[in-house]
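Inspection log for the structure reproduced underneath, given as structure tokens.
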Amino acid sequence: MSGKVKLNFLEVLPDSFFDIEHPSRLHEVFDGPTLISLEGDAPEPLMISTLLHGNETTGFFALQRLLKNYRARLPRSLLIFFGNLEAAAQGVRHLPGQPDFNRIWGGGESPEARMAREVLGYARRKRVIANVDIHNTTGRNPYYACVNRTSEDFLRLSSGFTDIVIYFTEPHEVNSNAFAKICPSVTLECGLPGEAEGIAHLYQYLDKLLVSVGSEGRAADDCRIYHTVARLKVPYYCEFDFEFDENTDKDFSFMRSFDHFNFQRIAKGTVIAHRRANGPHLAVLDNCDRLVTEQYFGFQDGRVIALQDLIPSMFTTVKDVAREDSLGYLMEPYVGE
1 MSGKVKLNFL EVLPDSFFDI EHPSRLHEVF DGPTLISLEG DAPEPLMIST LLHGNETTGF
61 FALQRLLKNY RARLPRSLLI FFGNLEAAAQ GVRHLPGQPD FNRIWGGGES PEARMAREVL
121 GYARRKRVIA NVDIHNTTGR NPYYACVNRT SEDFLRLSSG FTDIVIYFTE PHEVNSNAFA
181 KICPSVTLEC GLPGEAEGIA HLYQYLDKLL VSVGSEGRAA DDCRIYHTVA RLKVPYYCEF
241 DFEFDENTDK DFSFMRSFDH FNFQRIAKGT VIAHRRANGP HLAVLDNCDR LVTEQYFGFQ
301 DGRVIALQDL IPSMFTTVKD VAREDSLGYL MEPYVGE
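Numbering of the sequence shown is given in UniProt numbering, commencing with residue 1 and proceeding in unit increments.
Next comes the structure, spelled out in structure tokens:
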């Protein structure tokens, strides 16, 4: 996208915010990316970001309900960033020509990166106490949290939302990593977009967090911590489907329920896809972007076979996401540095 991306700033929520039925209409209320500063009884604000991806709607619905319940007075000040409202209007992750709004927080001189710096600068000046970035997944996943550090204050933010935590360092350009330099920070993955159960679960978490965040005596719940070690990429020129067709003429034909693998152990020897004869290989990249495919998958007799036990996350059956971002990630239990 060319030109300046204007960051709108508000200190009062307009009444019309509470009337809209879907985030696809948020652009009628806010003219583009909007940062809202709301005063509450506790002055140090909790930072919340949502709609960095325009088709991930659970955060909007939970926040609308939360803010309606605290319309008279908030127990804690809030900073809320509503991200890619143009994409939300179209129900897509981002528009053609736009960058991914969760890949603009690591610096750079694009209009969107400069806008992200404005948000970070204001949050730093306001001395935010914690940061929560709300997302949905494109495939079937349990609720889980992602952190960029494994200290107690970061893990504490996952408490009450999930006992599954992923520690990751790449991609480093994400919102949670930028805020980790300012305050404890977490990304929440709330399942598929717009599901009533996910909205209610997130609302209950945020409602409790407004009161409990910053409490010295609040311990982190016991959690299972995983560390991402690699991501799966489909070469850009490949054709693929999720029909698990042994006689496919596509480059890859993955299992129909590919996303049901998420957070389940894939046993060594499992066939995850069929492929055409003499076709290309999947690309598996480690956290340093080194090609490590041969550690994880073999290609034999038209099959893609796991060479070791694997634990995946964010496996998706959405082709656009698989092409643009990744097919998914591989993890291992985290045992500390």
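Where is the CB? At the ideal position from N, CA and C, for every residue including glycine.
In the structure shown, what three-state DSSP assignment does T228 receive?
One-based indexing of the sequence shown puts residue 228 at position 228. Of the three classes helix, strand and coil, the one that applies to T228 here is strand, per DSSP.
What is the C-beta distance between P99 and S110, in whole angstroms, given that I count them as a contact (C-beta under 8 Å)?
Residue mapping note: residue 99 aligns to position 99 of the sequence shown, counting from 1. Residue mapping note: residue 110 aligns to position 110 of the sequence shown, counting from 1. Between S110 and P99 the Cβ distance is about 6 Å, and since that is below 8 Å, they are a contact.
Looking only at DSSP bridge pairs, what is H274 linked to?
Residue 274 sits at position 274 when you count from the first residue of the sequence shown. Answer is S253 and R303, bridged to H274.
Residue interval of the beta strand (DSSP E) (run including L38)
One-based indexing of the sequence shown puts residue 38 at position 38. T34 to L38 is the span of the beta strand (DSSP E), which, as asked, contains L38.
What's the call for S257, buried or exposed, on a 16-neighbour Cβ count within 10 Å?
For this step, residue 257 is matched to residue 257 along the sequence shown. That one is exposed.
Determine the contact status of G328 and L232, defining contact as a CB-CB distance below 8 Å.
Numbered from its first residue, the sequence shown carries residue 328 at position 328. Numbered from its first residue, the sequence shown carries residue 232 at position 232. Taking 8 Å as the Cβ cut-off, G328 and L232 qualify as a contacting pair.
For R76: DSSP bridge partner residues:
Translated into the one-based positions of the sequence shown, residue 76 becomes position 76. A42, per the DSSP bridge assignment.
Within 10 angstroms of the Cβ of G54, are there 16 or more other Cβ atoms? Answer buried if so, exposed if not.
On the sequence shown, residue 54 is found 54 positions in, with the first residue counted as 1. It is buried - the Cβ of G54 has at least 16 other Cβ atoms within 10 Å.
Quick check on the burial criterion: 16 or more other C-beta atoms within 10 angstroms. Buried or exposed for F9?
As a working mapping, residue 9 is identified with position 9 in the sequence shown. F9 should be labelled exposed.
For S77, which option in G336, H260 and L206 has the closest C-alpha, if you only look at C-alpha atoms?
Here residue 77 refers to the residue found at position 77 of the sequence shown. The option with the nearest alpha carbon to S77 is L206.
Which residues share a DSSP beta bridge with A283?
Here residue 283 is taken as the residue at index 283 of the sequence shown, counted from 1. Paired residues: K233.
Name the residue from D320, G336 and C238 whose alpha carbon lies nearest to the alpha carbon of V92.
Your numbering for residue 92 matches position 92 in the sequence shown. Minimum Cα distance to V92 is reached at D320.
8 Å Cβ cutoff met for residue 346 and E11:
A query on residue 346 cannot be resolved here, the shown segment of the chain reaching from 1 to 337 and no further.
Validate contact between the region 11-30 and the region 157-168 using beta carbons, cut 8 Å, 3 pairs:
no
Going by DSSP, what residue range makes up the alpha helix (DSSP H) through P193?
Position 193 of the sequence shown holds residue 193. From DSSP, P193 is part of no alpha helix (DSSP H); its letter is neither H nor E.
Counting beta carbon pairs with one atom in the region 143-154 and one in the region 170-187, are three or more of them shorter than 8 Å?
yes
For N69 and D286, what's the separation of their Cα atoms in angstroms?
Stepping through the sequence shown from its first residue, residue 69 is reached at position 69. Stepping through the sequence shown from its first residue, residue 286 is reached at position 286. If I take the Cα positions, the gap works out to 44 Å.
Exposure of V335, with buried meaning 16 or more beta-carbon neighbours within 10 Å
Residue 335 sits at position 335 when you count from the first residue of the sequence shown. The residue in question, V335, is exposed, as its Cβ has fewer than 16 Cβ neighbours within 10 Å.
In whole angstroms, give me the CA-to-CA distance for N140 and I311.
Residue mapping note: residue 140 aligns to position 140 of the sequence shown, counting from 1. Residue mapping note: residue 311 aligns to position 311 of the sequence shown, counting from 1. For the record, residue 140 in the displayed sequence is Arg; it is not Asn. Between R140 and I311, the C-alpha separation is close to 14 Å.
So T137 and M314 are in contact, right, with Cβ under 8 Å, and what is the actual spacing, rounded?
The residue you call residue 137 lines up with position 137 of the sequence shown. The residue you call residue 314 lines up with position 314 of the sequence shown. About 6 Å; that satisfies the 8 Å criterion.
Nearest residue (CA-CA) to S253, options Q300, H274, T316 and G191:
Indexing the sequence shown from 1 puts residue 253 at position 253. Per the Cα distances, H274.
Range covered by the alpha helix (DSSP H) that runs through N69
On the sequence shown, position 69 is the one that residue 69 refers to. Element bounds for N69: T58 to N69.
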